[in-house]
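Q: Have a look at this one.
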Amino acid sequence: MSATRELVAKLRRQLGEDEPLAPARPALPLTPPPRRVFPTKRAKSDYLREASQHTTALVGIGHVGTRYATDVVLQFQAELAVAHEAVASLLPEGWRAEHGLMLLNTEVADHQEYLMRPDLGRRLAAESRELLEAAALKDIDVQPILADGLSARACVESGMNVLSALTSQCMGLGLTLGTPMCARFARVWLEDEIGELVRAKVAIIILGERPGLGTGDGLSAYLVHRPTVGKTDGDRNMISNIHRRGLSPEAAGARLARMASAMIEQNISGVELDLSRVGGELGSQALRKPEPRVSLVECSR
Amino acid sequence: MILEPIRPAILSVRRIHNAHESVLVGYGADPSRHTSLGLVTCDQDDSTYVALDEATKHAPVEVVFARSFYAGASFSSGRLSGEILGVLAGAGPAEVETGLRALVGCLEHDACFYHGDERGEIALFPHVVSSIGHYLAHESGLPVGSSMAYLVAPPMEGTIGIDRALKEANVRVAKLFPPPTETNFTAAWLAGELSECEAAASAFAEAVIQVGREPRA
């Protein structure tokens, strides 16, 4: 509101006008155009509700105008935080010795270097190579290797369970096992060098997988037949999503043992391995059980 | 009654939410930045110029078009024509809506002509804008936020009044509109400190009234 009205009222008094200035009219209501109301009513779709029960993918999350709803954004941020935290986690000091695992190190010096230099994470440190040559069992069928990978948290949480399940399953199939070992700051291809040194028929590295939204506790296992430095990913088979909401450690151990035994039997691994001949759960296209999204935030509406 | 407000009548308020590109261009809008227009007609042109400027202070809108009609509201071309068509342009309907709201509020509460004589035959507009928005800044060449005395009166009264205002207050001319304007008035935009603009408007109004009382002095 400008000063003009007061100005005029004052001038009127000066000019001898007794009556006060008539008050300003109340503003007439401006006829509103059709308005969109936010938040928009949540669309109800049976199909989407059912679909969202089967996946952790962002299905049926709706929208507010052109944007996500607040709870969706918060959930996304919380899940991203879980992933970041998992990548930043380290193997606790003494954890490997506590579980009777042989301690192996790569050429990586610290966690930052580990993230920046994948090539160093694929090579054993000199003293680890000596240790392996001196103390590890040689000429074995299966060499299991536990490693931190991109989520030390996953390794600590379920690594030992997978390893013990794998061990017992391999024994059941009559396969000989190498010394249990755990590598720090390791990448998948490290299994080539280790497997080559211990002359294993199959090397299996079980390591924390790259965390996704809300999953920081997933393990992956990579198998390679006749490990030698220079094997490619085409020579490998793998199992992912080994965690409590995905494949259980016990089931993973059983699968890994069966795959290793198939590799030895077919004398090959990777894309040429015929999994249909393995039979059981491995060969079939069994659907994974529904995995709904775990809500990390609470949002009152 | 002297200095009685003459209320502006808003004759029409319309929106074009998704204006045709040619209309946008024709009315001075930029199709790369504007999609929506808000159009207003009113029977007081100068009140509406002030109100349009007010809108630019409340919403990210631009006054792309504002023109007075010849000879004013008494000779308008139609029931809804009045004396001016003002057009606000914005990036979307919401911006334009906020702008229109501010514009209508300003016309209802604030900007208006006043009677300069008892018989209601002289109208004057001794308006002080304490802080101008983008529109008046652009039109006057003054920086946004300056104070302005927006003074309008019929030719004789206005000329005397503007002269008096410039002499009695420490203000300078930003723009002078000698008669005839489209509506056959005379007008001036005077710039200075807020208190000086108020003094100028006051002196202007007083002079206009005095000329009305003594036309042959």
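Quick mapping for you: the protein sequence lines, in order, are chains H and L. Taking our numbering, the leading residue of the first sequence gets 1, the next gets one more, and so forth. Taking our numbering, the leading residue of the second sequence gets 1001, the next gets one more, and so forth. All C-beta atoms in this analysis are idealised placements derived from N, C-alpha and C, irrespective of residue type, glycine included. Since the model is a prediction, treat every value here as computed from it, not as a measurement.
1. In the DSSP output, which residue or residues are listed as bridge partners for residue 202(H)?
2. Applying a beta-carbon distance threshold of less than 7 Å, which residues of chain H neighbour residue 1114(L)?
3. Using a Cβ-Cβ distance under 7 Å, would residue 2(H) count as near chain L?
4. Does the contact criterion of 3 or more C-beta pairs under 8 Å hold for the region 160-170 of chain H versus the region 226-235 of chain H?
5. Quick one: residues in its chain with C-beta nearer than 8 Å to the C-beta of residue 1113(L), no 5 flanking neighbours on either side, listed in chain order?
6. Under the rule that 16 or more other beta-carbon atoms within 10 Å means buried, what is residue 285(H), buried or exposed?
7. At the level of alpha carbons, what is the spacing between residue 67(H) and residue 60(H)?
8. The alpha helix (DSSP H) with residue 1008(L) in it runs from where to where?
9. Only counting runs of 3 or more residues, tell me where the beta strand (DSSP E) segments fall wholly within the region 231-267 of chain H, in order along the chain.
10. What are the boundary residues of the alpha helix (DSSP H) that residue 87(H) is part of?
11. Would the region 99-117 of chain H count as touching the region 220-230 of chain H if we require 3 or more Cβ pairs under 8 Å?
12. Given a limit of 8 Å on CB to CB distance, which residues of the region 1095-1126 of chain L reach chain H?
13. Listed from N- to C-terminal order along the chain, which residues in the region 73-91 of chain H have their beta-carbon within a distance smaller than 9 Å of any beta-carbon of chain L?
14. Taking residue 124(H) as the reference, give the member of 73(H), 115(H), 298(H), 184(H) with the closest Cα.
15. Report yes if the CB atom of residue 1222(L) is closer than 7 Å to the CB atom of residue 1068(L), and no otherwise.
16. Do residue 178(H) and residue 213(H) count as a contact pair if the criterion is CB distance below 7 Å?
17. Mind listing the chain L neighbours of residue 19(H)? Cutoff is C-beta to C-beta under 8 Å, in chain order.
18. Run the CB neighbour count on residue 294(H), radius 10 Å, all protein chains shown included, and call it buried at 16 or more, exposed below.
19. With DSSP as the reference, identify every bridge partner of residue 1126(L), one or two as the case may be.
20. Taking the alpha-carbon of residue 139(H) as reference, which of 238(H), 194(H), 52(H) has the nearest alpha-carbon?
21. Can you list the residues of chain L that residue 12(H) reaches, using a CB-CB cut of under 7 Å?
22. Enumerate in chain order the residues of its own chain whose CB-to-CB distance from residue 152(H) is below 7 Å, with the five nearest sequence positions on each side excluded.
23. So which residues of chain L does residue 314(H) contact, with C-beta pairs closer than 8 Å?
24. Taking a cut of 8 Å between CB atoms, which residues from the region 1186-1213 of chain L lie near chain H?
25. Just tell me which of 99(H), 261(H), 218(H), 64(H) has its CA closest to the CA of residue 237(H).
26. Using only alpha-carbon positions, find the residue among 201(H), 45(H), 64(H) that is nearest to residue 257(H).
27. Identify every run of the alpha helix (DSSP H) within the region 101-137 of chain H, keeping only runs that are complete inside it and at least 4 residues long; order them along the chain.
28. Identify the contact partners of residue 1007(L) in chain H, using a Cβ-Cβ distance below 7 Å as the criterion.
29. Among all the DSSP beta bridges, which residues are the ones paired with residue 1067(L)?
30. Quick check on residue 185(H): does DSSP put it in helix, strand or coil?
31. Kindly identify the DSSP beta-bridge partner or partners of residue 1075(L).
32. Give me the chain H residues within the contact set of residue 1022(L), using Cβ-Cβ distance strictly less than 7 Å, ordered along the chain.
33. Show which residues of chain H have a CB atom less than 8 Å away from the CB atom of residue 1130(L).
34. Using only CA atoms, which one of 1137(L), 1150(L), 1203(L), 1186(L) lies nearest to residue 1164(L)?
35. Give the DSSP bridge partners of residue 1176(L), in chain order.
36. Of all the options 1188(L), 1011(L), 1217(L), which has the alpha carbon lying nearest to the alpha carbon of residue 1081(L)?
A: In short, the structure shows the following:
1. Partner(s): 142(H), 225(H).
2. Scanning chain H for C-beta atoms nearer than 7 Å to the C-beta of residue 1114(L) yields 8, reported in chain order.
3. Interface criterion met: the Cβ of residue 2(H) is under 7 Å from a Cβ in chain L.
4. Look at the beta carbons and you see the region 160-170 of chain H not touching the region 226-235 of chain H: under three pairs across the two are nearer than 8 Å.
5. So the list reads 1005, 1006, 1008, 1044, 1046, 1047, 1123, 1124, 1125, 1152, once near-sequence residues are dropped.
6. Any reading at residue 285(H) is ruled out, since the residue's pLDDT is 49, under 50, leaving its predicted position unreliable.
7. 14 Å
8. Careful: residue 1008(L) lies outside any alpha helix (DSSP H) and carries neither H nor E.
9. 236-242
10. 70-88
11. no
12. 1097, 1100, 1101, 1104, 1105, 1108, 1109, 1110, 1111, 1114, 1126
13. none
14. 184(H)
15. The structure shown has nothing for residue 1222(L), since chain L only spans 1001 to 1217.
16. no
17. 1001
18. exposed
19. DSSP, once it has assigned bridges, lists 1151(L) as partnering residue 1126(L).
20. Nearest to residue 139(H) by C-alpha distance, out of 238(H), 194(H), 52(H), is 194(H).
21. 1002, 1003
22. Leaving aside the five residues that flank residue 152(H) on each side, the residues in its chain whose CB is nearer than 7 Å to its CB run, in chain order, 89, 90, 91, 208.
23. Residue 314(H) lies beyond the stretch modelled for chain H, which goes from 1 to 301, so this question has no answer here.
24. 1194, 1198, 1201, 1202, 1205, 1206, 1209
25. 261(H)
26. 201(H)
27. 111-116, 126-135
28. 25
29. 1085(L)
30. coil
31. Beta-bridge pairing by DSSP links residue 1075(L) to no other residue.
32. Simply none; closest approach about 23 Å.
33. 2, 3
34. 1203(L)
35. 1188(L)
36. 1011(L)
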